[in-house]
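A.B. asks: Right, I'll just put the structure down here and ask away after.
Numbering (our numbering), first residue to last: 17 to 473.
This is the structure in structure tokens:
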């Protein structure tokens, strides 16, 4: 039930589709609920067997039946529906609550102190269940508190029927009512706090999305404004220049700026998982071919790059040139994170995930590592820790988009031991190991799920 729908007020609005997914998950059979039922059932069987309360056995059967009906009624709810579809689940909730109250009353009327203590334990367990589960939904909380109130008043009423006006009756009745009212206050306060936290979380999410959009649009506008200034400025100067050689030089500079704009557009498309890729099935060894020679052009003598490829790795279906570009981006970041030199290690190994075989390219360095406050930010578009003019802030965002569009995943974290940064690119194994003809793909945007951030980008 959505916050603005079935759970946002006391009564769900009429004629409006409600989201039932949350209440269905809460009220369905869960491990915690099964454990509570098992505890109550075990205690009831022990009391029936050792304390001569014969009514508890048939009561246990009825309770299990009503709880099963209650769980089925909620699990049968669709993802979305109208409030009339809540009538049966609410009826089973009231029925199971009434049966539970009856079990506690069976113990309460025995007029045995130990059994009455166990009856109060039934109330205590029910209140704990209310506090842990029902405070998530206002409507369910009100119904549950009403049922617990009926149970408390029933116990107090029995005392007044059997021993009216005595000091024990007065004190116990007052204690039951006062404790119940205090619990109502606590439960209602917890519910209001949860609602306030949900509202604050939603507002923070909206604000974060707004900031991300502002950062992205501002960065794109700034980049293309600079590029267009170069293009238009050189074209204007070329138009005014009387020298053919000077005109050619100005037009060449304008063309280079236009090509930088095209490259930036390609980066933005990759970041949004909308790039036109040409994936083919290839082995990891094939994907890394000539990478060491290309990386040597980026690294100087102070850096040591080692490449290790595990044996018998499955083939993966990726765009090979784009994969090498991503790995070179990570190598460049590792280099920038270690201005005095250091070691960079690239390993390719088998890494199954969720039962799917795959290959993980892991690149680690011996740099200073990732500041904790930058961990959630570094993969965001146009975020960079490099000096002005030395980093666009799109490298890791582009890399993440490429991984997700290829059906893989990108993860950046601090190594478990030692300093530095560990970047992991994971791709699933190709379904058909045979090479297939390359073809453009455009999977469209996907949800971003980078788990960490790099200190270099």
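We put the beta carbon where it would ideally sit given N, CA and C, even for glycine.
Quick one: what's got a C-beta closer than 8 Å to residue 267's C-beta in the same chain, skipping five residues either side?
C.D. replies: Locating residue 267 in the chain shown gives position 251, where the first residue counts as 1. 250, 251 and 254, listed in sequence order.
A.B. asks: Determine the burial state of residue 103: buried for a count of at least 16 other Cβ atoms within 10 Å of its Cβ, exposed for fewer.
C.D. replies: Taking the first residue of the chain shown as 1, we reach residue 103 at position 87. Exposed, since its Cβ has fewer than 16 Cβ neighbours within 10 Å.
A.B. asks: Look at the alpha carbon of residue 93 and the alpha carbon of residue 157, and state the distance between them as a whole number of angstroms.
C.D. replies: Counting from one through the chain shown, the residue named residue 93 turns up at place 77. Counting from one through the chain shown, the residue named residue 157 turns up at place 141. When rounded, the distance between both Cα atoms is 19 Å.
A.B. asks: For residue 377, report the span of its beta strand (DSSP E) as first-last.
C.D. replies: Residue 377 sits at position 361 when you count from the first residue of the chain shown. That run of the beta strand (DSSP E) goes 374 to 381.
A.B. asks: Rounded to whole angstroms, what is the Cα-Cα separation between residue 444 and residue 40?
C.D. replies: Counted from its first residue, the chain shown places residue 444 at position 428. Counted from its first residue, the chain shown places residue 40 at position 24. About 33 Å.
A.B. asks: Give me the DSSP bridge partner(s) of residue 426.
C.D. replies: For the purposes of this step, residue 426 is taken as residue 410 along the chain shown, with counting starting at 1. Answer is 441.
A.B. asks: For my contact list, residue 188 and residue 169 are in at a C-beta cut-off of 8 Å; report their separation, rounded to the angstrom.
C.D. replies: Counting from 1 along the chain shown, the entry for residue 188 is found at position 172. Counting from 1 along the chain shown, the entry for residue 169 is found at position 153. Between residue 169 and residue 188 the Cβ distance is about 13 Å, and since that is not below 8 Å, they are no contact.
A.B. asks: Would DSSP call residue 321 helix, strand or coil?
C.D. replies: Translated into positions along the chain shown, residue 321 becomes position 305. Strand at residue 321.
A.B. asks: Can you tell me which of the three DSSP states residue 356 falls into?
C.D. replies: Working through the chain shown from its first residue, we reach residue 356 at position 340. DSSP places residue 356 in coil when its eight states are reduced to three.
A.B. asks: Any contact between the stretch 133 to 147 and the stretch 189 to 203? By contact I mean 3 or more CB pairs, one from each, below 8 Å.
C.D. replies: Yes, the stretch 133 to 147 touches the stretch 189 to 203.
A.B. asks: Decide if residue 66 is buried, meaning its Cβ has at least 16 other Cβ atoms within 10 Å, or exposed.
C.D. replies: What you label residue 66 is simply residue 50 of the chain shown in a count that begins at 1. The residue in question, residue 66, is exposed, as its Cβ has fewer than 16 Cβ neighbours within 10 Å.
A.B. asks: Out of curiosity, what's the CA-to-CA distance linking residue 310 and residue 441?
C.D. replies: Against the chain shown, residue 310 aligns to sequence position 294. Against the chain shown, residue 441 aligns to sequence position 425. Going by the C-alpha atoms only, they are around 19 Å apart.
A.B. asks: Quick one: grab the DSSP three-state call for residue 297.
C.D. replies: As a working note, residue 297 is residue 281 in the chain shown. Three-state DSSP puts residue 297 in a strand.
A.B. asks: Give every residue of the same chain whose Cβ lies closer than 6 Å to the Cβ of residue 423, excluding the five residues on either side of it in the sequence, and list them in chain order.
C.D. replies: Reading the chain shown from its first residue, position 407 is the one you call residue 423. Only 444 meet the Cβ criterion.
A.B. asks: Assuming contact is defined by CB atoms lying nearer than 8 Å, are residue 113 and residue 135 in contact in what I supplied?
C.D. replies: Against the chain shown, residue 113 aligns to sequence position 97. Against the chain shown, residue 135 aligns to sequence position 119. It is not a contact, given that the beta carbons lie outside the stated cut-off.
A.B. asks: Helix, strand or coil: how does DSSP classify residue 193 here?
C.D. replies: Taking the chain shown and counting its residues from 1, one reaches residue 193 at position 177. Note: residue 193 maps to helix in three-state DSSP.
A.B. asks: So, residue 117 versus residue 166, is the Cβ gap smaller than 8 Å?
C.D. replies: Taking the chain shown and counting its residues from 1, the one referred to as residue 117 is at position 101. Taking the chain shown and counting its residues from 1, the one referred to as residue 166 is at position 150. The answer is yes: Cβ separation under 8 Å.
A.B. asks: Going by alpha carbons, who is nearest to residue 300 out of 275, 326, 279 and 281?
C.D. replies: Residue numbering aside, residue 300 sits at position 284 when the chain shown is read from its first letter. When each option's Cα is compared against that of residue 300, the closest is 326.
A.B. asks: Do residue 350 and residue 371 have their C-beta atoms within less than 8 Å of each other?
C.D. replies: Position 334 of the chain shown, counted from the start, is the residue given in the question as residue 350. Position 355 of the chain shown, counted from the start, is the residue given in the question as residue 371. Contact: no.
A.B. asks: Report buried or exposed for residue 256, applying the criterion of at least 16 other Cβ atoms within 10 angstroms of its Cβ.
C.D. replies: Locating residue 256 in the chain shown gives position 240, counting from the first residue. That one is exposed.
A.B. asks: Taking buried to mean at least 16 other C-beta atoms within 10 Å of its own C-beta, is residue 242 buried or exposed?
C.D. replies: By 1-based counting over the chain shown, the position of residue 242 is 226. When all chains shown are included, residue 242 counts as exposed.
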